[in-house]
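There are 2 protein chains.
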Amino acid sequence: MKTSVKDEIRASGKRMTRTRQAVLGVLESTKYPLSPLELYACLQKQNVAIDPVTVYRNLNALKTIGLVRRIKLHHDDQFRYEMKEGRAHHHHIRCRICGKIEDLLLCPLKKLTSMIERETRFLVGDHSLEFSGWCPKCQ
Amino acid sequence: MKTSVKDEIRASGKRMTRTRQAVLGVLESTKYPLSPLELYACLQKQNVAIDPVTVYRNLNALKTIGLVRRIKLHHDDQFRYEMKEGRAHHHHIRCRICGKIEDLLLCPLKKLTSMIERETRFLVGDHSLEFSGWCPKCQ
DNA sequence: TCACTTATTGCAAGTAGATTGCGATTAGCA
DNA sequence: TGCTAATCGCAATCTACTTGCAATAAGTGA
Ligand SMILES: [Mn+2]
Ligand SMILES: [Mn+2]
Ligand SMILES: [Zn+2]
Ligand SMILES: [Zn+2]
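Order-wise, the sequence lines are chains G and E. The first sequence begins at 0 in numbering that gives the first Met the number 0 and counts up by one. The second sequence begins at 0 in numbering that gives the first Met the number 0 and counts up by one.
The structure is reproduced here in structure tokens:
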């Protein structure tokens, strides 16, 4: 785990516990957003003794600090979390069959945002964009 | 309620009951996507005797037939339903304070879709795009 | 019009994911 | 090493939604 991450946790008044370290370890080594229970399953495989509730609480804490991002994908009934660290704003595509999720390192919505603000008089905070379909294996 | 709607329901082997008619009535007269329980509240105001479960089941049935569309908005913990009838593919913006939802009658993603298919080798089925921010009243 | 078939309904119970209460544990610091 | 508050595990709770089942009623057609 990167030192900067540990520093940010300490700076926010939170503590670096074994379980929190394990949660961060999994998040950092996974290339797609994980649900709390998927993350819990990973930890069990690594023989990390942890309660599911603790996974939930840690993810919440890390989200509050701003170290992880929580997302909700269409046609997916769980929240998912991914590290913010080093990953720019991006979107996702998810396979309808096997559930595989991949990053889309692009965002076509800068211009559109100001157009929407003009037309709706809303002030836009953020957006979520996500594709679903069939991955190469499942086609 | 439009006759075409009734026809489609009958054509699918389903029946047009009082409750189903009431559910459709609310959906047709509401300009934003409703959650099952919001819809249930509307019906109670109209003194329609109905069980929440029946609202869920009707929305499911109408979705299966293809008369309504089910959507899930970011930062919103319920599904929402809107009539498909006469409404082209579009997206939404939602106020973070009051929850107001408005249609965005645009979609900038046609070109992007083929680009994504080339780059990821996924076959894209659909996408969801949604903005959140602050509505004029809540700014 | 009326009986028959089966879609639909209300009510109760059950799921799944996530949250909360609380007493026990432990990280970080003096 | 001892103190204190953050964190933990466990059980209970919550919310949105689904399912089982017996009662009801929409549509068909004799
Ligand atoms: Mn990602
Ligand atoms: Mn809409
Ligand atoms: Zn797949
Ligand atoms: Zn608002």
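No residue lacks a Cβ here, since even glycine has one placed at the ideal position from N, Cα and C.
The beta-carbon separation of E:R95 and E:P32, rounded to 17 angstroms, does not stay under the 8 angstroms limit for a contact.
For E:L104, the nearest beta carbon of chain G is not closer than 7 angstroms to its own beta carbon. Within the region 117 to 136 of chain E, contact with chain G at the beta-carbon level (separation under 8 angstroms) is assigned to T119, R120, F121, L122, V123, G124, D125, H126, S127, L128, E129, F130, S131, G132, W133, C134, P135. Taking C-beta atoms under 8 angstroms as the contact rule, G:L42 and G:V25 qualify, at a distance of about 6 angstroms.
Secondary structure within the region 47 to 126 of chain G: the alpha helix (DSSP H) runs of 4 or more consecutive residues, fully enclosed, are 51 to 64, 109 to 119 (chain order). Those residues having their beta-carbon less than 5 angstroms away from any non-hydrogen atom of ligand 3 are, in chain order, G:C94, G:I96, G:C97, G:K99, G:C134, G:C137. Contact holds between the region 5 to 25 of chain E and the region 57 to 72 of chain E, because three or more Cβ pairs, one in each stretch, are under 8 angstroms apart. The continuous alpha helix (DSSP H) containing E:L23 extends over residues 17 to 28. With a cutoff of 6 angstroms, G:D125 does not count as near ligand 2, since its C-beta is closer than that to no heavy atom of the ligand. In summary, E:G65 is exposed, with fewer than 16 beta-carbon neighbours lying within 10 Å of its beta-carbon over all protein chains present. Put simply, the CB of E:K71 is near chain G, with a gap under 7 angstroms to one of its CB atoms. Going by C-alpha positions, G:L122 is about 8 angstroms away from E:S131.
Distances taken from the Cβ of G:D6 to the heavy atoms of ligand 1 include none shorter than 6 angstroms. Linking E:Q77 to G:V4 through their CA atoms gives a straight-line distance of about 33 angstroms. With fewer than 16 other CB atoms across the displayed protein chains lying within 10 angstroms of its CB, G:L36 is exposed. In terms of beta-carbon proximity, E:E81 stays away from the interface with chain G, with every pair separated by 7 angstroms or more. In terms of Cα proximity to E:C134, the closest of G:R117, G:T2, G:H74 is G:R117.
The CB of E:L111 comes closer than 7 angstroms to the CB of P107 in chain G, given here in chain order.
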